[in-house]
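K.L.:
Structure in C-alpha cells, see below.
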Amino acid sequence: VDSSYTPNPGDIIYFDWDKVETNGQDGITDHVGIVEKVKGGYIYTIEGNSGDRVSNNAWAVGHYEIYGFGG
Numbered sequence: 004v005d006s007s008y009t010p011n012p013g014d015i016i017y018f019d020w021d022k023v024e025t026n027g028q029d030g031i032t033d034h035v036g037i038v039e040k041v042k043g044g045y046i047y048t049i050e051g052n053s054g055d056r057v058s059n060n061a062w063a064v065g066h067y068e069i070y071g072f073g074g
C-alpha cells in the first residue's frame, strides 16, 4: 500500500531514498524495515544494514522517502 496507510506493528516499510542524479525519488524501493510501533506522529522501525548494523529508527508519518508498506 502507499505511504498514506497507517502501518501496524509487524508491517514491512519500504523506502525510496532521495537520488541526487534524478533530483528526487525514482519509484524503486531501496531499503526495507519492520514497523515496531506508531506513536506520536512517528513510525518506529527495526532496520538491518543501517550504518552497517541492525538499528532502531524513527520516521515522521508521511516522510517523503517512505515509499509504502506491506503486511
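The opening position of the sequence shown corresponds to residue 4 in the working numbering, with each subsequent residue numbered one higher. From the three backbone atoms N, C-alpha and C, an ideal C-beta is built for every residue, glycine too.
Considering only C-alpha positions, which residue in the set Asp29, Val35, Val23 and Asp21 is nearest to Gly74?
P.N.:
If you number the sequence shown from 1, residue 74 lands on position 71. Closest by alpha carbon: Val35.
K.L.:
From the DSSP secondary-structure annotation, give me the bridge partner or partners of Tyr47.
P.N.:
Here residue 47 refers to the residue found at position 44 when the sequence shown is read from its first residue. Answer by DSSP bridge pairing, in chain order: Lys40 and Ala61.
K.L.:
In terms of alpha-carbon separation, which member of Lys42, Tyr17, Trp62 and Val41 lies closest to Gly30?
P.N.:
Working through the sequence shown from its first residue, we reach residue 30 at position 27. It is Tyr17.
K.L.:
Going by beta-carbon coordinates alone, are Asp19 and Asp5 separated by less than 8 Å?
P.N.:
If you number the sequence shown from 1, residue 19 lands on position 16. If you number the sequence shown from 1, residue 5 lands on position 2. No; because the gap between Cβ atoms is not below 8 Å, this pair is not in contact.
K.L.:
Between Gly13 and Asp21, is the Cβ-Cβ spacing less than 8 Å?
P.N.:
Working through the sequence shown from its first residue, we reach residue 13 at position 10. Working through the sequence shown from its first residue, we reach residue 21 at position 18. No, the Cβ-Cβ distance between Gly13 and Asp21 is not below 8 Å.
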